[in-house]
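S.K.:
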Amino acid sequence: MENLSYACNPRVVASMMVSSLLLLIIVSRHHRQLQLGRNSPLEQSSTVIFSEPSCLSRSQLHLMRSSASSSPNSNNQKPPPLSPYLLSRLRDYEHRHKRCDPLSEPFQRYSQELDRVKNSPDSLVRKNADSASDCRYIVFTPFAGMGNRMLALSSAFLYALLTDRVLLVDFDPSMRGLFCDPFHNSTWLLPQEFTFMDRVKSREFKEVFSLGSLLKNQNQNQNQKLADVTSLLQLDLSTEYNDYDKLFYRDETQELMKNVPWLVLKSNQYFLPYLFLLPCFRTELDQLFPDKEIVFHHLARYLFNPSNQAWGRISRFYDAYLARAEQRIGLQIRVLDPENYPPSFILPHILRCIQDESRILPRLQRNETITSRIGTSKAVFIASLLTEFYSELKDMYWTRPIADGEETASVAVYRASHERNQESYSNSHNMNALVDIYLLSMCDFLVTTQVSTFGYVAFGLAGVSPWFLRDPSDYERKPSEPACHRAVSPEPCFQFHPTDYDPIAALHRGATGPAPVIMYCEDAIWGFKLANMMSF
Numbered sequence: 004m005e006n007l008s009y010a011c012n013p014r015v016v017a018s019m020m021v022s023s024l025l026l027l028i029i030v031s032r033h034h035r036q037l038q039l040g041r042n043s044p045l046e047q048s049s050t051v052i053f054s055e056p057s058c059l060s061r062s063q064l065h066l067m068r069s070s071a072s073s074s075p076n077s078n079n080q081k082p083p084p085l086s087p088y089l090l091s092r093l094r095d096y097e098h099r100h101k102r103c104d105p106l107s108e109p110f111q112r113y114s115q116e117l118d119r120v121k122n123s124p125d126s127l128v129r130k131n132a133d134s135a136s137d138c139r140y141i142v143f144t145p146f147a148g149m150g151n152r153m154l155a156l157s158s159a160f161l162y163a164l165l166t167d168r169v170l171l172v173d174f175d176p177s178m179r180g181l182f183c184d185p186f187h188n189s190t191w192l193l194p195q196e197f198t199f200m201d202r203v204k205s206r207e208f209k210e211v212f213s214l215g216s217l218l219k220n221q222n223q224n225q226n227q228k229l230a231d232v233t234s235l236l237q238l239d240l241s242t243e244y245n246d247y248d249k250l251f252y253r254d255e256t257q258e259l260m261k262n263v264p265w266l267v268l269k270s271n272q273y274f275l276p277y278l279f280l281l282p283c284f285r286t287e288l289d290q291l292f293p294d295k296e297i298v299f300h301h302l303a304r305y306l307f308n309p310s311n312q313a314w315g316r317i318s319r320f321y322d323a324y325l326a327r328a329e330q331r332i333g334l335q336i337r338v339l340d341p342e343n344y345p346p347s348f349i350l351p352h353i354l355r356c357i358q359d360e361s362r363i364l365p366r367l368q369r370n371e372t373i374t375s376r377i378g379t380s381k382a383v384f385i386a387s388l389l390t391e392f393y394s395e396l397k398d399m400y401w402t403r404p405i406a407d408g409e410e411t412a413s414v415a416v417y418r419a420s421h422e423r424n425q426e427s428y429s430n431s432h433n434m435n436a437l438v439d440i441y442l443l444s445m446c447d448f449l450v451t452t453q454v455s456t457f458g459y460v461a462f463g464l465a466g467v468s469p470w471f472l473r474d475p476s477d478y479e480r481k482p483s484e485p486a487c488h489r490a491v492s493p494e495p496c497f498q499f500h501p502t503d504y505d506p507i508a509a510l511h512r513g514a515t516g517p518a519p520v521i522m523y524c525e526d527a528i529w530g531f532k533l534a535n536m537m538s539f
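Mapped onto this note's numbering, the consecutive letters of the sequence shown carry residue numbers 4 to 539.
1) Going along the chain, which unbroken runs of the alpha helix (DSSP H) with 4 or more residues stay wholly within the segment 223-259?
2) Measure the alpha-carbon distance for Pro-293 versus Ala-534 and round it to whole angstroms.
3) Determine the direct distance from the alpha carbon of Ser-189 to that of Arg-316, and round the result to whole angstroms.
4) Comparing alpha-carbon positions, which option in Asp-239, Tyr-244, Leu-259 and Tyr-247 lies nearest Asp-231?
5) Express the C-alpha separation of Arg-366 and Arg-179 in angstroms, rounding to a whole number.
6) Taking C-beta to C-beta, are Asn-271 and Phe-146 nearer than 7 Å?
7) Can you tell me whether Pro-482 is buried or exposed, with buried defined as 16 or more other CB within 10 angstroms of its CB?
8) Is the segment 428-443 close to the segment 139-155, with three or more CB pairs under 8 Å?
9) Looking at the unbroken beta strand (DSSP E) that takes in Trp-191, where does it start and where does it end?
10) According to DSSP, which residues form a beta bridge with Met-3?
11) Report back the beta-carbon spacing between Val-450 and Cys-524 to the nearest angstrom; my notes put them in contact at under 8 Å.
12) Tell me whether Leu-106 is buried or exposed, calling it buried when 16 or more other Cβ atoms sit within 10 Å of its Cβ.
13) Give me the Cβ distance between Leu-266 and Leu-236, rounded to the nearest whole Å; I'm assuming they're in contact under 8 Å.
14) Kindly indicate which residue of Glu-371, Pro-84 and His-421 has the alpha-carbon position closest to the one of Phe-392.
15) Where are the beta strand (DSSP E) runs, 3 residues long or more, that stay fully inside the segment 294-368, in chain order?
16) Taking just the CA atoms, how far does Gln-368 sit from Leu-238?
17) Using 7 Å as the threshold, is the C-beta distance between Val-520 and Lys-295 below it?
18) Going by DSSP in three states, His-98 sits in which element: helix, strand or coil?
19) Taking His-488 as part of the beta strand (DSSP E), name the residues at either end of that continuous run.
20) Roughly how many angstroms lie between the CA atoms of Gln-36 and Ala-328, to the nearest whole one?
21) Give every residue of the same chain whose Cβ lies closer than 8 Å to the Cβ of Trp-191, excluding the five residues on either side of it in the sequence, and list them in chain order.
22) Starting from Thr-402, follow the alpha helix (DSSP H) in both directions and report where the run begins and ends.
23) Kindly indicate which three-state DSSP category Tyr-523 falls into: helix, strand or coil?
24) Which same chain residues, not among the five before or five after Leu-164, have their C-beta less than 7 Å away from its C-beta?
25) Please list, in chain order, all residues of the same chain as Leu-250 whose beta carbon is under 8 Å from its beta carbon, the five residues on each side excluded.
26) Name the two residues that bound the continuous beta strand (DSSP E) containing Pro-145.
27) Only counting the same chain, and skipping five residues up and downstream in sequence, which positions put a Cβ closer than 7 Å to that of Glu-409?
28) Helix, strand or coil for Leu-93, going by three-state DSSP, please let me know.
29) By the DSSP assignment, the beta strand (DSSP E) with Ser-216 in it spans what residues?
30) Among the candidates Glu-243, Ser-476 and Tyr-273, whose CA atom is the shortest distance from the CA of Ile-349?
31) Taking the alpha carbon of Gln-358 as the point to measure from, which residue in Ile-405, Tyr-344, Gly-378 and Trp-314 has its own alpha carbon closest?
32) Considering Phe-384, what are the terminal residues of the beta strand (DSSP E) in which it resides?
33) Tyr-273 and Ser-158: beta carbons closer than 7 Å?
34) Considering only residues of the same chain and omitting the five flanking positions on each side of Cys-58, which have a CB-CB separation below 6 Å?
35) Run the CB neighbour count on Leu-161, radius 10 Å, all protein chains shown included, and call it buried at 16 or more, exposed below.
36) What residue range does the beta strand (DSSP E) around Leu-181 cover?
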């Protein structure tokens with residue numbers, strides 16, 4: 004009876020209820036962290052679970068993708084998980100980044116040294132070879148469109164991972180506020196007060212400190228380590244690079260530049276595939292990526308998390324228009340010459356692709372008939388600078404019935420942004436582009452414009468092999484050929500690789516050595532992409 008009286012005491016009961024509630028909250032949070040760690044390789048790759056309010060997309064994005072891919076009508080196949088070795092190397096990188104980031108003592112010391120530099124190689128020779136020797140950097144300077152920037156940045160990150168460097172980004176105002184910092188309790192943003200970058204970007208500075216210029220002027224002493232000459236190198240791996248800049252893609256050059264503390268990279272290319280052709284990196288890359296066809300997929304999902312502002316727009320649109328559809332179809336249409344190839348010329352070929360060849364959407368008829376109202380709900384998301392594609396498709400599937408013999412379906416057509424021109428140096432434009440990319444990446448089926456880097460990023464994030472729309476000029480020259488064709492994998496294409504060496508052609512000639520795990524791109528036969536098996 005004493006125990007019963009004690010248990011029935013109101014104060015005791017209230018205390019027990021509070022304790023139970025606190026215990027339930029703790030257990031729930033612990034269970035949720037375990038669930039995040041189990042279900043998401045992104046969370047597995049971090050040594051500590053991130054604070055959710057600081058970056059909502061980090062914890063919510065994979066849940067949304069998991070929900071989308073669980074639909075029985077989804078085309079999404081769950082990609083293989085990150086290799087244990089890659090997870091281990093990412094953890095090592097996170098520790099190194101924290102130790103050397105812009106808030107660290109080594110970075111502060113280096114930045115003070117650079118502030119004293121004059122425009123001559125002698126002034127950039129390291130006075131103290133051991134100074135901050137465990138911190139070496141690669142600073143990425145983006146340009147061109149959002150797709151190019153994300154492809155090049157993922158390539159820069161892999162290069163940093165391979166060479167034990169710390170990746171920092173020199174984002175101009177057009178890129179600020181688009182992404183969360185990818186590394187826990189650290190930053191990858193180069194401080195705005197780091198004014199040395201203004202000098203680095205000048206033409207005069209490049210003529211002295213670019214890798215191409217130094218190699219060109221070093222012909223008499225080709226084995227001299229570049230760290231003995233300078234503590235900073237500019238790398239131009241853009242579509243504008245010259246033959247000396249392309250020497251970056253050689254083993255001997257990698258050895259020469261290995262200990263240079265600062266690399267400043269300018270690129271608008273997905274140059275990552277060529278790293279797999281360098282013997283100095285190949286063994287490591289094979290361990291990191293047993294599956295060569297989802298390299299960008301894993302790197303991009305790890306590296307890019309939309310900021311809370313961007314994620315709010317993405318998630319609200321998805322929940323309102325796409326979430327309840329049984330199938331989501333993404334259509335990305337880029338027209339470079341709308342005067343000669345207007346939407347009215349291109350649209351019939353798009354319909355031929357999505358209705359007749361890929362059979363993603365049902366064909367239509369003009370006359371009303373009695374049809375079943377039960378069918379698959381399909382949401383079509385369109386990303387294009389030209390509004391005509393959206394308005395025409397929306398009107399078609401609203402005003403015309405499904406053709407006899409076709410799959411019964413209800414089709415709704417949506418778009419998120421209303422841009423008319425590409426403005427790569429506008430923050431609001433880049434925000435809209437990022438929203439479109441991520442909404443496309445939530446789709447089960449993707450139809451994209453060939454050679455479009457915007458499309459590359461969308462289907463790479465999705466992990467979905469897209470259908471490529473042919474170039475409009477092809478429709479004019481070869482009207483009887485298919486309007487689109489399917490890619491074999493979601494890997495992007497390296498379009499402007501060094502042309503002095505074609506490893507696939509070399510293999511045809513009987514060259515020996517490790518098999519180059521690449522193939523010619525389906526949408527750009529002059530380019531290379533990663534592949535698990537050689538394809539000619």
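Beta carbons are placed, not taken as given, at the ideal position from N, Cα and C, and that holds for glycine.
M.R.: In brief:
1) Taking 4 residues as the minimum length, the alpha helix (DSSP H) runs contained wholly in the segment 223-259 are 254-259, in order along the chain.
2) If you draw a straight line from the Cα of Pro-293 to the Cα of Ala-534, it comes to about 11 Å.
3) Distance between the alpha carbons of Arg-316 and Ser-189: 25 Å.
4) Comparing Cα-Cα distances from Asp-231 to each of Asp-239, Tyr-244, Leu-259 and Tyr-247, the minimum goes to Leu-259.
5) If you take the alpha carbons of Arg-179 and Arg-366, they lie about 43 Å apart.
6) Cβ distance < 7 Å, so Asn-271 and Phe-146 count as in contact.
7) Flag for Pro-482 reads exposed.
8) Result yes; three or more Cβ-Cβ pairs closer than 8 Å.
9) Counting along the chain, Trp-191 sits inside no beta strand (DSSP E), nor does DSSP assign it H or E at all.
10) Residue 3 falls outside the range modelled here, since the chain spans only 4 to 539, and no answer is possible.
11) Actually they are not in contact, since the Cβ atoms of Val-450 and Cys-524 sit about 17 Å apart, beyond 8 Å.
12) With fewer than 16 other Cβ atoms within 10 Å, it is exposed.
13) That pair is a contact at about 5 Å.
14) Among Glu-371, Pro-84 and His-421, the Cα nearest to that of Phe-392 belongs to His-421.
15) Fully contained in the segment 294-368 are the following beta strand (DSSP E) runs of length 3 or more, in chain order: 330-336.
16) Going from the Cα of Leu-238 to the Cα of Gln-368 covers about 56 Å.
17) In this structure, Lys-295 lies closer than 7 Å to Val-520 by Cβ.
18) Helix at His-98.
19) Taken as a continuous stretch (DSSP letters only), the beta strand (DSSP E) holding His-488 covers 487-489.
20) Interpretation of Gln-36 is limited by its pLDDT of 37, a score under 50 that renders its predicted location unreliable; no figure is taken from the coordinates.
21) Only residues of its own chain outside the window of five on either side were considered, and among them His-100, Asp-104, Leu-170, Leu-171, Val-172, Asp-184 and Pro-185 have a CB closer than 8 Å to the CB of Trp-191, listed in chain order.
22) Per DSSP, Thr-402 belongs to the alpha helix (DSSP H) from 390-402.
23) In this structure, Tyr-523 counts as strand in the three-state DSSP scheme.
24) Taken in chain order, the residues that qualify are Arg-92 and Tyr-96.
25) Closer than 8 Å at the Cβ level, and outside the excluded window around Leu-250, lie Leu-214, Gly-215, Leu-218 and Thr-256.
26) Run containing Pro-145: 140-145, per the beta strand (DSSP E) assignment.
27) Cβ neighbours of Glu-409 beyond the five flanking positions: Pro-365 and Arg-366.
28) Reduced to three states, the DSSP call for Leu-93 is helix.
29) Where Ser-216 is concerned, there is no enclosing beta strand (DSSP E), although the alpha helix (DSSP H) it sits in stretches over 214-219.
30) A check of alpha carbon separations from Ile-349 across Glu-243, Ser-476 and Tyr-273 identifies Ser-476 as the nearest.
31) Nearest of Ile-405, Tyr-344, Gly-378 and Trp-314 to Gln-358, Cα basis: Ile-405.
32) 379-387 is the extent of the beta strand (DSSP E) around Phe-384.
33) In this structure, Tyr-273 lies near Ser-158, with their beta-carbon atoms less than 7 Å apart.
34) So the qualifying residues of the chain are Cys-183 and Asn-308.
35) Buried: at least 16 other Cβ atoms inside 10 Å.
36) For Leu-181, no beta strand (DSSP E) segment is defined, and its DSSP state is neither H nor E.
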